[in-house]
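Sequences listed follow chains A and B, in order. Going by full-length UniProt numbering, the first sequence opens with residue 1, and the numbers climb by one from there. Going by full-length UniProt numbering, the second sequence opens with residue 1, and the numbers climb by one from there.
There are 2 protein chains.
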Amino acid sequence: MGDIIDEVKLFRTWSTPFALRIVWALQLKGVQYQTIYEDLSNKSDALLLYNPIHKKVPVLLHNSKPISESLVILEYIDETWTQQPHLLPQHPYDRAIARFWIKFGENEVLPAVWDAFTKAAGKEQEEAYSRSIEKLELLDEELKGKKLFGGEEIGMVDIALGWLSNLVSVFEEITGLKFIDEHTMPRLSAWKAALNEIPVVKENWPDYDKLLTKFTVLRETYLSKEPQK
Amino acid sequence: MGDIIDEVKLFRTWSTPFALRIVWALQLKGVQYQTIYEDLSNKSDALLLYNPIHKKVPVLLHNSKPISESLVILEYIDETWTQQPHLLPQHPYDRAIARFWIKFGENEVLPAVWDAFTKAAGKEQEEAYSRSIEKLELLDEELKGKKLFGGEEIGMVDIALGWLSNLVSVFEEITGLKFIDEHTMPRLSAWKAALNEIPVVKENWPDYDKLLTKFTVLRETYLSKEPQK
């Protein structure tokens with residue numbers, strides 16, 4: 001339960017999808033909070049103090065107590081501000097299934113898509129791309145009969161997978177690869193559109209062109225580090 | 001809450017530390033369950049049905065409903081059988097800290113130690129070993145003033161990190177590397193001893209010599225696949 005007077009601060013950057021998860025969750029719960037934008041090339045003393053292990057954003061500071069790791073913060077938000085909407089379902093079995101897909105997204109989908117994005121065109125990229133398509137198809141399958149992973153309402157799985165709904169378009173534009181195709185993945189494609197219609201999601205996306213620039217540069221940096229073939 | 005008549009089955013192998021987590025949790029909670037031993041070289045139809053995504057153990061089957069991913073199962077057990085001992089602390093902040101360390105163990109410590117274990121002696125192994133020592137030292141630090149990560153009683157962090165308390169000895173014996181040194185990591189070393197004194201832990205370790213044989217063979221398989229230098 002949040003106290004009557006809560007002091008909530010979110011350390012984030014303008015672009016990271018991990019921090020957006022927290023923005024969405026706090027706004028869905030109606031929690032007032034203060035935003036602190038970090039420059040990761042010049043991290044603040046506060047960030048280093050509050051997340052000494054990973055030195056990364058997001059960090060949530062609640063009444064002076066720091067929490068890091070976006071998926072851990074999401075569980076914390078749901079357990080602290082217990083009002084609707086619930087981010088996880090109420091029944092333990094449904095919660096387990098949600099946590100399963102969150103883990104799948106984080107440990108399987110994200111690395112595969114990232115790998116495809118950061119490889120130069122060629123065999124390695126093709127392999128990473130195939131892997132990412134296999135994983136994404138499983139998400140498409142899981143959406144059978146559902147609008148969102150949470151059902152009719154946005155839930156923690158939707159929030160955790162939210163990066164798919166705009167970053168993937170950026171990756172597609174930069175690489176020319178199609179990750180979420182409306183013909184082969186109609187459900188995931190519809191989910192992406194539905195998620196983008198939800199106000200907290202729609203209103204908080206970083207500027208698309210800025211993301212495009214950022215990730216173009218980032219990909220070039222990766223490619224320049226690849227061993228010469 | 002578990003039903004009055006629960007049917008609980010655990011799919012496991014004799015050796016995997018991921019399934020041991022579930023054994024410990026069920027036994028701590030006093031949950032009666034049936035064990036099904038899988039042969040991973042010849043997976044049962046049941047395993048493929050219940051864990052179609054990963055096709056791995058452990059799988060918990062509770063009243064015919066399957067749950068996979070050991071860390072997801074641990075949360076499920078704690079939420080379903082709500083009697084003492086609680087595996088996670090009760091306060092959301094303490095729960096977040098516990099989940100942080102569980103994630104750290106899984107995403108940072110485990111891959112680093114595994115990497116050091118599966119590399120041939122040489123520069124790559126040295127680097128992986130240094131990385132694992134850095135991570136393990138952070139665990140040692142976190143134990144300051146505590147007997148176990150859960151305090152006086154075993155909790156979910158202890159269960160999740162439990163593989164450190166016997167597998168690491170196997171890895172040490174095989175590689176000659178010292179991962180948990182009683183002089184440089186006195187707290188983690190004491191934790192390891194304390195965990196091994198807890199009946200559900202002590203009574204369920206697989207046979208040490210069998211583990212030694214298994215992991216010796218496994219390491220050789222890894223080394224034989226390494227690119228020639």
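Ideal Cβ placement from N, Cα and C applies to all residues, glycine included.
With burial defined as no fewer than 16 other Cβ atoms inside 10 Å of the residue's Cβ, what is the status of B/Thr216: buried or exposed?
Within the second sequence, numbered from 1, the residue matching residue 216 of chain B stands at position 216. Exposed.
Strictly under 8 Å for the Cβ-Cβ distance: is B/Ile53 near chain A by that measure?
By 1-based counting over the second sequence, the position of residue 53 of chain B is 53. It does: the Cβ of B/Ile53 has a partner Cβ on chain A nearer than 8 Å.
Let me confirm a value: A/Glu69 is counted as buried when at least 16 other C-beta atoms fall within 10 Å, else exposed. Which label applies?
Along the first sequence, one-based indexing puts residue 69 of chain A at 69. The Cβ neighbour count for A/Glu69, taken over all protein chains shown within 10 Å, is at least 16; the residue is labelled buried.
Simplified DSSP assignment, three categories, for B/Gly145:
In the second sequence, residue 145 of chain B corresponds to position 145, counting from 1. Coil.
Using beta-carbon positions only, say whether B/Tyr208 and A/Ala96 come within less than 8 Å of one another.
On the second sequence, position 208 is the one that residue 208 of chain B refers to. On the first sequence, position 96 is the one that residue 96 of chain A refers to. Pairing B/Tyr208 with A/Ala96 gives a Cβ-Cβ distance that is not under 8 Å.
Same chain, Cβ closer than 8 Å to B/Leu195, neighbours up to 5 away in sequence not counted:
As a working note, residue 195 of chain B is residue 195 in the second sequence. For B/Leu195, where only same-chain residues beyond five positions count, the Cβ hits under 8 Å are Leu148, Ile154, Asp158, Gly162, Ser165 and Val201.
Helix, strand or coil for A/Tyr37 per DSSP?
Position 37 of the first sequence, counting from 1, holds the residue named residue 37 of chain A. A/Tyr37 falls in the strand class under three-state DSSP.
Looking at the structure shown, is A/Leu60 part of a helix, part of a strand, or coil, going by DSSP?
Working through the first sequence from its first residue, we reach residue 60 of chain A at position 60. In the structure shown, A/Leu60 falls within a strand segment according to DSSP collapsed to helix, strand and coil.
What does the Cβ neighbour count give for A/Asp140, buried or exposed, with the cut at 16 atoms within 10 Å?
Taking the first residue of the first sequence as 1, we reach residue 140 of chain A at position 140. With 16 or more Cβ atoms within 10 Å of its Cβ, A/Asp140 is classed as buried.
Rounded to a whole number of angstroms, what is the C-alpha to C-alpha distance between B/Glu124 and A/Asp78?
Indexing the second sequence from 1 puts residue 124 of chain B at position 124. Indexing the first sequence from 1 puts residue 78 of chain A at position 78. Going by the C-alpha atoms only, they are around 42 Å apart.
Amino acids of chain B, ordered along the chain, whose beta-carbon sits closer than 8 Å to that of A/Ser68:
Against the first sequence, residue 68 of chain A aligns to sequence position 68. Chain B residues near A/Ser68: Phe100.
Secondary structure of B/Ile73, DSSP reduced to three states
The residue you call residue 73 of chain B lines up with position 73 of the second sequence. Looking at B/Ile73 - three-state DSSP - the assignment turns out to be helix.
Find out if the Cβ-Cβ distance for the pair B/Val109, B/Lys135 is shorter than 8 Å.
Translated into positions along the second sequence, residue 109 of chain B becomes position 109. Translated into positions along the second sequence, residue 135 of chain B becomes position 135. Yes; because the gap between Cβ atoms is below 8 Å, this pair is in contact.
Have a look at the DSSP bridge pairing and note the partners of B/Ser68.
Numbered from its first residue, the second sequence carries residue 68 of chain B at position 68. Bridge partners of B/Ser68: B/Val59.
Counting pairs of beta carbons, one from the stretch 51-63 of chain A and one from the stretch 6-22 of chain A, are three or more of them closer than 8 Å?
Flag = yes, the stretch 51-63 of chain A and the stretch 6-22 of chain A touch.
Chain A contact for B/Tyr33 (CB, 8 Å cutoff):
Sequence index remark: in the second sequence, residue 33 of chain B carries index 33 (1-based). It does not; no Cβ of chain A falls within 8 Å.
N- and C-terminal bounds of the alpha helix (DSSP H) containing B/Phe104
Position 104 of the second sequence, counted from the first residue, corresponds to residue 104 of chain B. Pro92 to Phe104 is the extent of the alpha helix (DSSP H) around B/Phe104.
Chain-ordered chain A contacts of B/Glu79 [CB-CB under 7 Å]:
To locate residue 79 of chain B, count along the second sequence from 1; it is residue 79. Taking a Cβ-Cβ threshold of 7 Å, the residues of chain A close to B/Glu79 are Pro92 and Arg95, in chain order.
Mind listing the chain A neighbours of B/Ile138? Cutoff is C-beta to C-beta under 8 Å, in chain order.
Counting from one through the second sequence, the residue named residue 138 of chain B turns up at place 138. The sequence shown places Leu at residue 138 of chain B, not Ile. Ordered by position in chain A, the residues that pass the 8 Å Cβ test against B/Leu138 are Ile53.
List, in order along the chain, the chain A residues whose C-beta lies closer than 8 Å to that of B/Val72?
To locate residue 72 of chain B, count along the second sequence from 1; it is residue 72. Against B/Val72, the close residues of chain A are Ala96, Arg99, Phe100 and Lys103, in the order they occur along the chain (beta-carbon pairs closer than 8 Å).
Option nearest B/Thr35 by Cα separation, candidates B/Leu26, B/Ser41 and B/Asn42
Counted from its first residue, the second sequence places residue 35 of chain B at position 35. Distances from the alpha-carbon of B/Thr35 to those of B/Leu26, B/Ser41 and B/Asn42 put B/Leu26 closest.
Taking the continuous alpha helix (DSSP H) assigned at A/Val201, which residues delimit it?
Taking the first sequence and counting its residues from 1, one reaches residue 201 of chain A at position 201. Where A/Val201 is concerned, the enclosing alpha helix (DSSP H) stretches over Pro199 to Lys202.
Just confirm the distance between the C-beta atoms of A/Trp14 and A/Pro206, as a whole number of angstroms; I'd bet it's less than 8 Å.
Reading the first sequence from its first residue, position 14 is the one you call residue 14 of chain A. Reading the first sequence from its first residue, position 206 is the one you call residue 206 of chain A. Rounded, the Cβ-Cβ distance is 6 Å, consistent with contact.
Closer than 7 Å by C-beta to A/Ser44: which residues in its own chain qualify, once you throw out the five before and the five after it? Chain order, please.
Working through the first sequence from its first residue, we reach residue 44 of chain A at position 44. Only Glu38 meet the Cβ criterion.
What are the boundary residues of the beta strand (DSSP E) that B/Phe11 is part of?
Taking the second sequence and counting its residues from 1, one reaches residue 11 of chain B at position 11. Looking at the DSSP string, the run of the beta strand (DSSP E) that includes B/Phe11 is Val8 to Arg12.
Nearest-angstrom Cα separation, counted from A/Asn107 out to A/Ile198:
By one-based count along the first sequence, residue 198 of chain A stands at place 198. By one-based count along the first sequence, residue 107 of chain A stands at place 107. Distance from the CA atom of A/Ile198 to the CA atom of A/Asn107, rounded to whole angstroms, is 26 Å.
Exposed or buried, which one is A/Ala193 when buried takes at least 16 other CB atoms within 10 Å?
Residue 193 of chain A sits at position 193 when you count from the first residue of the first sequence. So A/Ala193 ends up on the exposed side.
Which first and last residues belong to the alpha helix (DSSP H) in which A/Ile174 is found?
Sequence index remark: in the first sequence, residue 174 of chain A carries index 174 (1-based). Where A/Ile174 is concerned, the enclosing alpha helix (DSSP H) stretches over Leu167 to Thr175.
If we cut at 8 Å on Cβ distances, does B/Lys29 have a partner in chain A?
Here residue 29 of chain B corresponds to residue number 29 of the second sequence, with the count starting at 1. It does not: the Cβ of B/Lys29 has no partner Cβ on chain A nearer than 8 Å.
Residues of its chain near A/Leu212, where Cβ-Cβ distance is below 6 Å and the 5 sequence neighbours each way are ignored:
Start at 1 with the first residue of the first sequence, and residue 212 of chain A comes out as number 212. Counting only residues of its own chain and dropping the five nearest sequence neighbours on each side, A/Leu212 has a CB closer than 6 Å to the CB of Val170.
Verify whether the separation of the beta carbon atoms of A/Leu47 and A/Leu10 is less than 8 Å.
Sequence index remark: in the first sequence, residue 47 of chain A carries index 47 (1-based). Sequence index remark: in the first sequence, residue 10 of chain A carries index 10 (1-based). If you check the CB distance, A/Leu47 and A/Leu10 do not come in under 8 Å.
State the start and end residues of the unbroken alpha helix (DSSP H) segment that holds A/Trp24.
One-based indexing of the first sequence puts residue 24 of chain A at position 24. Annotation for A/Trp24: the continuous alpha helix (DSSP H) segment containing it runs Pro17 to Lys29.
Cβ of A/Gly76 less than 8 Å from any chain B Cβ?
Within the first sequence, numbered from 1, the residue matching residue 76 of chain A stands at position 76. One point to set straight first is that residue 76 of chain A is Tyr, not Gly, in the sequence displayed. So yes, A/Tyr76 belongs to the interface.
Rounded C-alpha distance that separates B/Leu88 from A/His86:
For this step, residue 88 of chain B is matched to residue 88 along the second sequence. For this step, residue 86 of chain A is matched to residue 86 along the first sequence. The straight-line gap from Cα to Cα measures roughly 20 Å.
Helix, strand or coil for B/Gly150? Go by DSSP, reduced to three states.
Taking the second sequence and counting its residues from 1, the one referred to as residue 150 of chain B is at position 150. In this structure, DSSP gives B/Gly150 a state outside helix and strand, which the three-state scheme calls coil.
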